[in-house]
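Sequence order for the protein chains is A and B.
First residue of the first sequence: 65, per the numbering used here; consecutive thereafter.
First residue of the second sequence: 2, per the numbering used here; consecutive thereafter.
Reading through the structure tokens given below for one structure.
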Amino acid sequence: TQLLEQSPQFLSIQEGENLTVYCNSSSVFSSLQWYRQEPGEGPVLLVTVVTGGEVKKLKRLTFQFGDARKDSSLHITAAQPGDTGLYLCAAYSGAGSYQLTFGKGTKLSVIP
Amino acid sequence: DTGVSQDPRHKITKRGQNVTFRCDPISEHNRLYWYRQTLGQGPEFLTYFQNEAQLEKSRLLSDRFSAERPKGSFSTLEIQRTEQGDSAMYLCASASGTGKGADTQYFGPGTRLTVL
């Protein structure tokens, strides 16, 4: 099973600041997904990245897949209180497996 | 499309009791997953169904856990002889398609289990 390491584990910032969170592994992935989870709810898919070096934008969120497809980052510009939540990266565990493996997540708090 | 629903949302039980959770996936979704999430962790894969067939189970899954999807629609997850370590959020997700690669899983709100 591939291990996905996310950093930082916790992040507390003021509204309007920028931030970047990271997802790293020693394994190569065919694709990688980012989810956001709010307290008491299930995770919601934000984006899937497939190609090495790929950059995807979702409003103020920018997702990048590393060239070697071993790592990914999520950058948020001008964070808002509504961005508060647990950000999880996830990847399928290998060829032929249906198992989605998650990192431990980055818990983001944006203070008004 | 009403999304994935789970019942109950919360369950408190005493150690040694059996519990059963239900998941209703999005209509027409042929794939269904169960995950467990504890505090400070991401969801951990438990098992996967394609239609009514259980195709994959986590090696970490104790034999006290059993899941069914008898008609390829709703699914149940049963935990027998619960232990305090079973306390967690149990999440269900559904998806359509072949199940390989970059498919989108839609998660339910989860059932929070507390074992006293």
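Backbone N, C-alpha and C define an ideal beta-carbon position, used for all residues, glycine too.
* In chain order, what residues of the region 150-167 of chain A put their CB closer than 9 Å to some CB of chain B? -> The residues in question are LEU150, LEU152, CYS153, ALA154, TYR156, SER157, ALA159, GLY160, SER161, TYR162, GLN163, LEU164, THR165, PHE166, GLY167.
* To do: Tell me whether the beta-carbon of B:LYS12 lies closer than 8 Å to the beta-carbon of B:LEU114.
  => Remark: C-beta atoms of B:LYS12 and B:LEU114 approach each other more closely than 8 Å.
* Asked: Since A:PHE118 meets chain B, which of its residues come closer than 7 Å, beta carbon to beta carbon?
  -> Per the sequence shown, the amino acid found at residue 118 of chain A is Glu instead of Phe. Under the 7 Å cutoff, chain B gives no residues; its nearest Cβ is about 12 Å from A:GLU118.
* Using the DSSP secondary-structure output, state which residues sit across from A:GLN114 in a beta bridge. => What sits at residue 114 of chain A in the sequence shown is Val, not Gln. In DSSP, A:VAL114 forms no bridge with anything.
* **Cutoff 7 Å; reference B:ASN52; Cβ partners in own chain excluding five residues on either side** => Cβ-Cβ distances below 7 Å link B:ASN52 to ASN31, GLY73 in the same chain, with the five nearest sequence neighbours on each side left out; the list follows chain order.
* Using a Cβ cut-off of 7 Å, pull out every chain A residue sitting near B:TYR91, in sequence order please. => In chain order: nothing, as chain A lies at least about 10 Å away.
* Asked: Do we get a CB-CB distance below 8 Å when we pair B:GLY109 with the residues of chain A?
  -> Yes, B:GLY109 lies at the interface with chain A (some Cβ there is under 8 Å from its Cβ).
* Asked: Residues of chain A with a CB under 9 Å from the CB of B:THR105: which are they?
  -> Annotation: Cβ neighbours of B:THR105 in chain A (cutoff 9 Å, chain order): GLN97, LEU109, THR112.
* Look at the alpha carbon of A:GLN70 and the alpha carbon of A:SER95, and state the distance between them as a whole number of angstroms. => Those two C-alpha atoms are separated by around 16 Å.
* Any C-beta of chain A sitting closer than 8 Å to the C-beta of B:LEU56? -> Yes - at least one Cβ of chain A is within 8 Å of the one on B:LEU56.
* To do: List the residues of chain B that A:GLU105 touches, going by C-beta distances under 7 Å, in chain order.
  => Ordered by position in chain B, the residues that pass the 7 Å Cβ test against A:GLU105 are PRO110.
* Asked: Considering only the beta carbon of each residue, do B:PHE50 and B:ARG65 sit closer than 8 Å?
  -> No, Cβ-Cβ distance for B:PHE50 and B:ARG65 is not below 8 Å.
* What's the C-alpha gap between A:SER173 and B:GLN7? -> One alpha carbon belongs to A:SER173, the other to B:GLN7, and they sit about 27 Å apart.
* What's the call for A:PRO103, buried or exposed, on a 16-neighbour Cβ count within 10 Å? -> Around the C-beta of A:PRO103, fewer than 16 other C-beta atoms lie within 10 Å, and the residue is accordingly described as exposed.
* To do: With a threshold of 16 other CB atoms inside 10 Å of the CB of A:LEU152, please say whether the residue is buried or exposed.
  => So A:LEU152 counts as buried.
* Name the DSSP beta bridge partners of B:HIS11, please? -> Looking at the DSSP assignment, B:HIS11 forms a beta bridge with B:ARG113.
* Asked: Is the beta carbon of B:LEU47 sitting closer than 8 Å to the one on B:SER28?
  -> B:SER28 is positioned such that its CB atom lies no closer than 8 Å to that of B:LEU47.
* Chain-ordered chain B contacts of A:GLY169 [CB-CB under 7 Å] -> By Cβ distance, chain B contributes GLY43.
* From the DSSP output, read off the bridge partner residues of B:THR1. => Since the displayed chain B opens at 2 and closes at 117, residue 1 of chain B lies outside it and no answer follows.
* Local conformation of A:ASP135 per DSSP, three classes -> Residue state, collapsed to three classes: strand.
* Minimum Cβ-Cβ distance from B:PHE75 to chain A less than 8 Å -> B:PHE75 does not count as touching chain A.
* For B:PHE66 and chain A, any beta-carbon pair shorter than 8 Å? -> No, because no Cβ of chain A sits closer than 8 Å to the Cβ of B:PHE66.
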